[in-house]
Amino acid sequence: MASTPHLPLGTHLLADLSGIAPEPLRDGAELERLLRDAAIAAGAQVLHGHFHSFGPGQGVTGVLLLAESHISLHTWPEVGFAAVDIFMCGAARPQLALDIIKEALQAAHCQLQSIRRAPPGHS
C-alpha cells in the first residue's frame with residue numbers, strides 16, 4: 053500500500069444525530085458498512101475498523117481508522133440518538149461522509165460542530 057503524505061490540516065466534524073428509528077442503531081454490521089461506504093465516498097482510505105454491539109436491543113460503538121484520521125459512531129437506540137465524530141485531512145471530504153450517514157439513518161435533526169484542525173502557523 054503506497055502512502056500518500058497528508059498535511060496536518062483537516063476538518064473535524066462532531067454531529068449529534070437524533071430522531072432516528074431504533075432498528076438501524078442496533079445493527080453493528082450494517083453501521084460498519086455504512087461508515088465504510090461513507091468514508092470511501094468521501095475519498096478516504098480505510099485502514100481498520102472495530103465495532104462492538106452491546107447486545108440485543110442495545111446500541112453500538114465503532115471506529116474506522118483512516119489514512120486521513122478517523123470516523124467514530126456511538127448509538128443509543130432507546131432515544132433515537134447517534135453521536136458521530138469525523139476527522140479527515142488531505143483531500144477527503146468529511147461533510148460528504150456525514151451527509152451520507154445522516155441520509156442513511158434518516159436523522160430528523162443534526163446538531164453540528166465543525167472545527168478546523170492545524171498546527172500553529174498553518175491555515
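With the working numbering applied, the sequence shown has no gaps in its numbers, which climb one by one up to 175 at the end.
Quick reminder that beta carbons are idealized off the backbone N, C-alpha and C, glycines included.
Please read all numbers here as calculations on a predicted model, not as lab measurements.
So residue i is in the beta strand (DSSP E); what residue range does that whole segment cover?
i	result
residue 134	133-141
residue 101	98-105
Who are the Cβ neighbours of residue i in its own chain at under 6 Å, not counting the five residues just before and after it?
i	result
residue 53	Here the model assigns residue 53 a pLDDT of 47, short of 50, so the residue's position is not dependable and the matter cannot be decided.
residue 74	129
residue 156	86
residue 146	63, 65, 138, 140
residue 144	94, 95, 96, 120
residue 164	67
Report all residues from its chain with a CB closer than 7 Å to the CB of residue i; omit the five preceding and five following residues, and keep chain order.
i	result
residue 171	60
residue 166	63, 65
residue 168	63
residue 136	67, 69, 125, 150, 153
residue 91	98, 116, 118, 123, 149
Within the same chain, show all residues whose beta-carbon is closer than 8 Å to that of residue i, passing over the 5 residues directly before and after it, in chain order.
i	result
residue 112	77, 78, 79, 80, 83, 103, 104, 105, 106, 125, 126, 127
residue 174	59, 60, 61
residue 88	98, 101, 116
Among the options, which has the Cα closest to the Cα of residue i?
i	options	result
residue 162	87, 153, 139	153
residue 158	67, 68, 72	72
residue 100	110, 109, 94, 119	119
residue 133	95, 110, 88	110
residue 114	108, 95, 138	138
residue 142	131, 94, 164	94
residue 131	144, 121, 160	160
Which two residues bound the contiguous alpha helix (DSSP H) that contains residue i?
i	result
residue 81	80-93
residue 152	146-157
Would you list the residues sitting across from residue i in a DSSP beta bridge?
i	result
residue 165	66
residue 123	116, 138
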